[in-house]
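K.L.:
Take a look at this one; I'll ask things after.
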Ligand code: SF4
Ligand code: SF4
């Protein structure tokens, strides 16, 4: 059995850690390139949302390298994601690509169900070993999140363009190499220090932007035109409503681990969106409110074109904008979205926020 | 900030004044649940007003009121709700979360009342809305609970409400029975498009007195698949059904396949579909493909999540069987009638040629 999995941000490093601990052979999909996307676009239904297409690209490229099994997350509705694997199976089937699919559905009740499903994968490994492997992989996940958060916060202050991203890339590489929980921690601290000791503009008072939206386009930089990096370079401090460890914990582990979840965020959305709508629709509304309350200057909502939960959230966003006085820019991406076009929109938004902030400061001084 | 809650009417009002006028938008759930809704409210003594048949003005209203990315059926819903303003005390806007246990409707159905409420906060011309959650995932949380809640808000007594529910279900069951019997859905629905049906001596019509609308025999047998609000709104479907019938086509719609047959037809799939109507679409398509069928037309809403997945499944199965010609019509507000007509004609030509071809080859084999 040679296991592969879809890319989503730093997910590959985490899954690799899990599989290595369990002594399972794996073939990670090659990094996402133009070819990955065009393979996906060629074989997936045109009207499918972007993540499905990217997944197909990943699977096909991994199969070329010899993978024979896919490990992926599932869902039980109401959004398309829960039905991805069924459609993907049919597509691969028609292409004559033999990939066995192991789908980790979010457990209905408790973690035992997930462990049982993982059993299909783990074979002779003991429960204890499985739990240990999950914890190890999750520790990597959290470390990566810390590094990513730090990078998005300080990128706007770098004096030498590209410094932060260079160190961040090294950090991911190094975390990938770690083999014990202790090493993970050391590695994280080492690189956080490294990042902070880069030549930075500590005087800068940057505008702050929160990014909310659909999970895949939030987590996978290649799908959102490297939005965080570009916003940082345009001079904005950036934070994101959801990080990988939170998604893994909430979606797969059913909140087993003591990590900050989004219960409260969803609750904040209630007066506007009283019902869960699948995906991260409620989180998008709730997180926008939270960002406004924390004094952020603006919010960007991102999602794949035709993303249903985000369309619901987008429809309600004007009310949040008005009640909490925070500008929101909604950006949908698909295979035709170019980084250059996106950059123009980001520039305009950052400009607007900076002007707005200056005006507020000035009128504040007069008043 | 004021968030308009569902209702503000005090219970005593009903006794004091005339019972309220209830508006029903001729969109989305209307095509499947009108008999239930109308009979229910009329039995309570309310008068029921329907929004006009979809027209250009309603479309324009809807397009203006909603976000660009929403699907056409949702845009139309906005338009129909607005068309009722000034004509009703309340517009009935059920939040259809789930109408069958363990299933969902699409995220936009779940968010719809909130989306409308959001829009109404900016636009005082929206009518007052009567919202109630329909959630069959919760035990005892289906239509009965929703109607009970709605009517209690209006100030009716439980006893009276239960009585009305009984009659309403009789009406609904009769309607569904007719559909399964193969009655042409628009004519089964037409009975309920006039007011006062429940007051007629026979109350709910005895079953199937009306002859089944048998289209001319011998014409091609074509399955027309799609959400009912897509197929039966003749404005959005470009009058597709009538056009086909005029050409002598025997049209079959998904409503004519019962749940059991749908389940049988999809049993071989590893994963059950969690959208209730989606399950009907997929099950019905697969079921009909196993019968003699000359073609299948799938009418999808542009940007529709479920259609993108189900349409793909259906198409792949149709192609694999290589017996059932498949036509996908994707419709949005920019779709031109002429284009649709041309494509239908080409499709019918193809079917005729195939049939002749089969005849010829059969003859050749005989001779
Ligand atoms: S949340 Fe959006 S991107 Fe994800 S499956 Fe649903 S529609 Fe597709
Ligand atoms: S099922 Fe499709 S057409 Fe219907 S509301 Fe949802 S997205 Fe729109």
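Residue numbers (this note's numbering), protein chains in the order written: chain A, 4 to 370; chain B, 204 to 570.
Yeah, the Cβ is synthetic: ideal placement off N, Cα and C, and Gly gets one too.
1. With a 10 Å radius around its C-beta and 16 neighbouring C-beta atoms as the bar for buried, classify residue 297 (chain B) as buried or exposed.
2. Would you be able to state if there are at least three C-beta pairs under 8 Å between the region 326-336 of chain A and the region 290-308 of chain A?
3. What number of angstroms, rounded off, separates the C-alpha of residue 297 (chain A) from the C-alpha of residue 271 (chain A)?
4. Using a threshold of 8 Å, state whether the C-beta atoms of residue 6 (chain A) and residue 24 (chain A) are closer than that.
5. Thinking just about the alpha-carbon of each residue, which of B:432, B:520, B:272 and B:437 is nearest to the one in residue 231 (chain B)?
6. Against chain B, which members of the region 68-95 of chain A pass a CB distance test of less than 9 Å?
7. Can you name the start and end residues of the alpha helix (DSSP H) that residue 389 (chain B) belongs to?
8. At a cut-off of 7 Å, is residue 477 (chain B) close to ligand 2 when judged by its beta-carbon and the heavy atoms of the ligand?
9. Do the region 157-167 of chain A and the region 237-244 of chain A meet, that is, are 3 or more Cβ pairs less than 8 Å apart?
10. In angstroms with no decimal places, state the Cα-to-Cα distance between residue 200 (chain A) and residue 154 (chain A).
11. Using the beta-carbon count (16 or more within 10 Å), is residue 56 (chain A) buried or exposed?
12. Interface residues of chain B around residue 101 (chain A) at Cβ under 8 Å?
13. Flag residue 410 (chain B) as yes if its beta-carbon sits less than 8 Å from any beta-carbon of chain A, otherwise no.
14. Since residue 150 (chain A) and residue 195 (chain A) should fall inside the 8 Å C-beta cutoff, what is the C-beta to C-beta distance between them, to a whole number of angstroms?
15. Any Cβ of chain A within less than 8 Å of the Cβ of residue 492 (chain B)?
16. So, with DSSP's three-state summary, where would you put residue 352 (chain A)?
17. Would you say the beta carbon of residue 508 (chain B) comes nearer than 7 Å to a heavy atom of ligand 2?
18. Any chance you could list the beta strand (DSSP E) runs of at least 3 consecutive residues sitting entirely within the region 236-322 of chain A, in chain order?
19. What span of residues does the beta strand (DSSP E) with residue 139 (chain A) cover, start to end?
20. Name the DSSP beta bridge partners of residue 529 (chain B), please?
21. Just checking residue 84 (chain A) against ligand 1 - is the residue's beta carbon closer than 7 Å to any of the ligand's heavy atoms?
22. Could you give the DSSP three-state label for residue 426 (chain B): helix, strand or coil?
23. Which one of B:268, B:286 and B:510 has the shortest CA to CA distance from residue 478 (chain B)?
24. Only counting runs of 3 or more residues, tell me where the beta strand (DSSP E) segments fall wholly within the region 261-310 of chain B, in order along the chain.
25. Please check the pair residue 230 (chain A) and residue 214 (chain A), which I expect to be a contact at CB under 8 Å, by giving their CB distance rounded to whole angstroms.
26. Going along the chain, which residues of its own chain have a beta-carbon closer than 7 Å to the beta-carbon of residue 516 (chain B), five neighbours each way excluded?
27. Does at least one heavy atom of ligand 1 sit under 7 Å from the Cβ of residue 338 (chain A)?
28. Is the distance from the Cβ of residue 310 (chain B) to the Cβ of residue 336 (chain A) below 8 Å?
29. So residue 87 (chain A) is in the alpha helix (DSSP H); what residue range does that whole segment cover?
30. Going by the beta-carbon positions, is the gap between residue 524 (chain B) and residue 546 (chain B) smaller than 8 Å?
31. Considering only residues of the region 312-358 of chain B, which uninterrupted beta strand (DSSP E) runs meet the minimum length of 3 residues and lie entirely inside it, listed in chain order?
32. Quick one: is residue 415 (chain B) near chain A, going by C-beta distance under 8 Å?
33. Is the separation between the beta-carbon of residue 120 (chain A) and that of residue 107 (chain A) shorter than 8 Å?
34. For residue 329 (chain B), return the contacting residues in chain A, with the cut-off set at a CB-CB distance below 9 Å.
35. Just by C-beta distance, which residues in the region 295-317 of chain B are closer than 9 Å to chain A?
36. Does DSSP put residue 127 (chain A) in a helix, in a strand, or in coil?
P.N.:
Per the coordinate set shown:
1. Residue 297 (chain B) is buried by the Cβ-count criterion.
2. Touching, yes.
3. Spanning the two alpha carbons is a distance of roughly 14 Å.
4. Taking 8 Å as the Cβ cut-off, residue 6 (chain A) and residue 24 (chain A) do not qualify as a contacting pair.
5. When each option's Cα is compared against that of residue 231 (chain B), the closest is B:432.
6. From the region 68-95 of chain A, only 77, 78, 79, 80, 81, 82, 83, 85, 86, 87, 88, 89, 90, 92, 93 and 94 have a Cβ closer than 9 Å to chain B.
7. Counting along the chain, residue 389 (chain B) sits inside the alpha helix (DSSP H) bounded by residues 388-393.
8. Outside the cutoff, so no.
9. Result yes; three or more Cβ-Cβ pairs closer than 8 Å.
10. Each residue's alpha carbon lies about 12 Å from the other.
11. If you draw a 10 Å sphere on the C-beta of residue 56 (chain A), you find 16 or more other C-beta atoms in it, and that means buried.
12. Within 8 Å Cβ-Cβ: nothing; residue 101 (chain A) doesn't reach chain B, min ~15 Å.
13. In this prediction, residue 410 (chain B) has a pLDDT of 49, which is less than 50 and means its spatial position is unreliable; what the coordinates show is noted afterwards. No, residue 410 (chain B) lies away from the interface with chain A (no Cβ there is under 8 Å from its Cβ).
14. Correct: roughly 7 Å between the Cβ atoms.
15. Cβ-Cβ to chain A under 8 Å: no for residue 492 (chain B).
16. Helix.
17. Yes, Cβ of residue 508 (chain B) sits closer than 7 Å to a heavy atom of ligand 2.
18. The region 236-322 of chain A contains these whole beta strand (DSSP E) runs: 239-243 and 301-307.
19. Element bounds for residue 139 (chain A): not the beta strand (DSSP E) but the alpha helix (DSSP H), 130-157.
20. DSSP output for residue 529 (chain B) lists B:499 as bridge partner(s).
21. At least one heavy atom of ligand 1 is nearer than 7 Å to the Cβ of residue 84 (chain A), so yes.
22. Residue 426 (chain B) falls in the strand class under three-state DSSP.
23. It is B:510.
24. Every unbroken stretch of the beta strand (DSSP E) spanning 3 or more residues and falling wholly within the region 261-310 of chain B is given here in chain order: 293-301.
25. A Cβ-Cβ distance of about 7 Å is found for the pair residue 230 (chain A) and residue 214 (chain A), placing them in contact under the 8 Å criterion.
26. Around residue 516 (chain B): 485.
27. The answer is no for residue 338 (chain A).
28. Cβ atoms of residue 310 (chain B) and residue 336 (chain A): not closer than 8 Å.
29. For residue 87 (chain A), the enclosing alpha helix (DSSP H) has its first and last residue at 87-97.
30. Contact: no.
31. Assignment of beta strand (DSSP E) within the region 312-358 of chain B, counting only whole runs of 3 or more residues, yields 332-338 in chain order.
32. A caution first: residue 415 (chain B) carries a pLDDT of 48, below 50, which makes its placement in the model too unreliable to give a value.
33. It is a contact, given that the beta carbons lie within the stated cut-off.
34. Ordered by position in chain A, no residue passes the 9 Å Cβ test against residue 329 (chain B), which lies about 13 Å from the chain.
35. Among the residues of the region 295-317 of chain B, those with a Cβ less than 9 Å away from any Cβ of chain A are 298, 300, 301, 305, 306, 307, 308, 309, 310, 311, 312, 313, 314, 315, 316 and 317, in the order of the chain.
36. When DSSP states are grouped into helix, strand and coil, residue 127 (chain A) belongs to the coil group.
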